[in-house]
Amino acid sequence: MGKKLKIKDKRKYPQYIHVPYGVYEKYIKRPMDVILSMAALAALSPLMAVIAVTVRIKLGSPIIFIQKRPGKNGKIFNNYKFRTMTEERDGNGNLLPDDVRLTSFGKKLRETSLDELPELFNIIKGDMSVVGPRPLMVKYLPLYNSVQARRHEVLPGFTGLAQVHGRNSISWEEKFEWDIQYVDHITFVNDWKIIFDTVKTVWKKDGIHAEGSVTMPEFTGTLERQK
65 MGKKLKIKDK RKYPQYIHVP YGVYEKYIKR PMDVILSMAA LAALSPLMAV IAVTVRIKLG
125 SPIIFIQKRP GKNGKIFNNY KFRTMTEERD GNGNLLPDDV RLTSFGKKLR ETSLDELPEL
185 FNIIKGDMSV VGPRPLMVKY LPLYNSVQAR RHEVLPGFTG LAQVHGRNSI SWEEKFEWDI
245 QYVDHITFVN DWKIIFDTVK TVWKKDGIHA EGSVTMPEFT GTLERQK
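With the first letter of the sequence shown counted as 1, position 196 gets the number 260 in my numbering; the numbers rise by one all the way through.
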């Protein structure tokens with residue numbers, strides 16, 4: 065048994081070393097991502113146009129919410145989503161809590177994952193993959209323990225194992241366990257199973273909210289014992 069990591073210590077972010085699991089991950093996964101995302105954009109462009117107009121009417125500009133997120137090897141990229149919240153602020157100019165700014169229309173977009181459709185452009189650009197660990201906040205980078213940090217060894221995904229095993233209803237630690245399991249077992253069969261399971265999860269609206277919150281509570285770090 066090793067020493068406990070002090071999560072709040074400012075330690076150097078670990079070097080990512082990932083060996084492709086097989087031929088699929090090395091040669092097929094990326095071309096498949098591009099084909100699937102382009103096909104999805106072609107099929108869903110009318111729906112995305114309707115959502116964009118509705119967001120503009122109900123929430124105003126900007127229509128697309130752009131936020132910095134860490135991708136493969138911790139590289140920062142602009143993550144695209146349809147806007148779901150207002151910009152309401154208190155008397156001091158600070159944004160009001162998420163549950164206040166999240167509109168009923170925004171909730172519907174999140175429940176159906178339609179707010180994430182602009183991420184198809186991230187996939188085409190090469191920032192993301194169809195399947196992989198979800199891209200999280202940049203401020204979480206120094207909070208990961210050495211195992212959790214391995215989620216950044218691969219491209220983040222539009223969906224992933226954690227999203228079909230509880231989504232926001234499971235703990236951060238459980239999410240990261242699913243992420244690392246995926247990183248170590250990237251196969252054609254697993255990816256397509258996750259894609260089909262994602263459709264079922266979204267259809268059934270499973271795991272949309274964390275207990276007692278409309279959004280996932282912030283990650284504050286995990287103590288671990290390293291071997």
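Where a beta carbon is used, it is the ideal one built from N, C-alpha and C, also for glycine.
Asked: May I ask you to report which of helix, strand or coil DSSP gives Leu184?; Found: helix
Asked: Can you tell me whether Arg120 is buried or exposed, with buried defined as 16 or more other CB within 10 angstroms of its CB?; Found: exposed
Asked: Between the beta-carbon of Tyr246 and the beta-carbon of Gly224, is there less than 8 Å?; Found: yes
Asked: Mind checking which residues open and close the alpha helix (DSSP H) that includes Lys306?; Found: In the structure as shown, the chain begins at 65 and stops at 291. Residue 306 is therefore absent and cannot be evaluated.
Asked: Going straight from the alpha carbon of Val83 to that of Arg133, what length do you get?; Found: 23 Å
Asked: Tell me which residue opens and which closes the beta strand (DSSP E) that Phe222 is part of.; Found: 221 to 223
Asked: Taking one C-beta from the stretch 179 to 192 and one from the stretch 251 to 258 each time, how about it: are there three or more such pairs within less than 8 Å?; Found: no
Asked: Would His216 and Tyr85 be called neighbours here (beta carbons separated by less than 8 Å)?; Found: no
Asked: Within its chain, find whatever has a CB closer than 7 Å to the CB of Arg214; leave out the 5 residues flanking it on each side and keep chain order.; Found: Ile244, Val247
Asked: Tell me which residues share the same chain as Val253 and place their Cβ nearer than 6 Å to its Cβ, disregarding the 5 neighbours each side in the sequence.; Found: none
Asked: DSSP has Arg153 in a bridge; who is on the other side?; Found: Leu159
Asked: Mapping DSSP to helix, strand and coil, what is Lys122?; Found: helix
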